[in-house]
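In my numbering, the protein residues as written are 81 to 245.
Shown next as structure tokens:
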């Protein structure tokens, strides 16, 4: 009897999850997978190793993973409806390629060199993401988890402080 109740509960959860996923999959887009791959290829040179349509917090996006020419892995997330970059990151170096998604004042190499000069050590991970209507480079140098240890404004090139003391 316990087995039957457990089976019914699991079946209900699977049906509920599949229904939510089916609703999310109905997101209309005028873009094809090739559009997202072409966008990633325009950002850096390398080989696409994975392209996966995903959903997080009710928003659809394409996750494109590449191996850059220097051997580092880079992940790009593009908005499913607009084909715009919503985030980029890499935790597998080397980070010898350059990236300037919006032709901002500060590209990856400039922000990375500024950070490494400030720290006196190499970075282990980077992200490029919007925070409060602005884009920033985020760097980790001691570990690849937790909050970024240094942040650089992508427009001004200034270090961003958290305001905490």
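Built from N, CA and C at the ideal position, the CB exists for glycine as well. For clarity, every value in this text was computed on a predicted model and none was experimentally measured.
query: Proximity of residue 115 and residue 163 at Cβ, strictly below 7 Å; result: yes
query: Extent of the continuous alpha helix (DSSP H) to which residue 117 belongs; result: 113–123
query: Buried versus exposed, by CB contacts within 10 Å (16 or more), residue 168; result: buried
query: For residue 149 and residue 198, the rounded distance between their alpha carbons; result: 27 Å
query: Delimiting residues of the alpha helix (DSSP H) encompassing residue 198; result: 188–199
query: Buried or exposed (CB count within 10 angstroms, at least 16 for buried), residue 174; result: exposed
query: Coarse secondary structure for residue 175, derived from DSSP in three states; result: coil
query: For residue 111 and residue 139, the rounded distance between their alpha carbons; result: 15 Å
query: Sequence-distant residues of its chain with Cβ nearer than 6 Å to residue 191 (five each side left out); result: 217 and 232
query: Contact under 7 Å by Cβ, residue 221 with residue 203; result: yes
query: Under 7 Å between C-beta atoms of residue 131 and residue 147; result: no
query: Separation of residue 109 from residue 101, as counted between CA atoms; result: Residue confidence is low: residue 101 scores 44 on pLDDT, short of 50, so the model does not pin down where it sits. Its coordinate-derived value is still stated next. Cα to Cα, the separation comes out at about 16 Å.
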